[in-house]
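Here's the structure, in structure tokens; my notes come after.
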Amino acid sequence: MVNINLKSSIFITILTALLFFPIYVSAQEYLIENLTWLTGSWKSQTEPQSVEEFWIEPRNGIMLGVNRTISKSGKVFFEYLRIVERDKKLFYIASPGGKKETEFEMVEIKNGEVIFENPEHDFPQVIKYKLDKSKVLIAEVTGILNGKTNSLTWKFEREKK
Numbered sequence: 003m004v005n006i007n008l009k010s011s012i013f014i015t016i017l018t019a020l021l022f023f024p025i026y027v028s029a030q031e032y033l034i035e036n037l038t039w040l041t042g043s044w045k046s047q048t049e050p051q052s053v054e055e056f057w058i059e060p061r062n063g064i065m066l067g068v069n070r071t072i073s074k075s076g077k078v079f080f081e082y083l084r085i086v087e088r089d090k091k092l093f094y095i096a097s098p099g100g101k102k103e104t105e106f107e108m109v110e111i112k113n114g115e116v117i118f119e120n121p122e123h124d125f126p127q128v129i130k131y132k133l134d135k136s137k138v139l140i141a142e143v144t145g146i147l148n149g150k151t152n153s154l155t156w157k158f159e160r161e162k163k
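If you're matching positions, the sequence shown starts at 3 in our numbering and goes up one per residue.
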């Protein structure tokens, strides 16, 4: 009788482990899932330009984005963006004007904030996104340009549908 109870106990333990293991793996599979707060359509309206940024929800280790800046004169600048996960690391990949890509590696991630760096890039060397308490998305690029530290900041509001 003890032998049957032991076998039943082992069977139940194995079955329980098999049932819950896939749920745990799928929930923890991608680090990029921590960036869902970046998803959506964002707009920053400041003189003399209008800046829009759009991010598609992360899926299977990748987020796709695009940035469009329209100057007061009507000139349009665009940038293709991606955040990809490779080997448990995140990389921000920017392609300004659809030209050569530049990668920035994630150096910090926490609730509502992510920082990417590429010290070898001309400008910027740091890209930071932060969702503040009032749900404003703050994007900041920082780096050395012409021997001086420069920083540009945009405050985006989520566009209403």
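Cβ coordinates follow ideal geometry from the N, Cα and C atoms, glycine included.
In the three-state reduction of the DSSP assignment, Ile95 falls in the strand class. Assignment of Thr41 by DSSP, reduced to helix, strand and coil, places it in the coil class.
The secondary-structure analysis by DSSP pairs Gln47 across a beta bridge with Ser52. When DSSP states are grouped into helix, strand and coil, Asn69 belongs to the strand group. Pairing Val86 with Ile95 gives a Cβ-Cβ distance under 8 Å. For Glu122 against Ser97, the beta-carbon gap comes to about 17 Å, at or over 8 Å, which does not count as contact. Comparing alpha-carbon positions, the option among Phe93, Lys132, Lys130 and Val143 lying closest to Asp124 turns out to be Val143. A straight-line Cα-Cα distance of about 10 Å links Val138 and Trp156.
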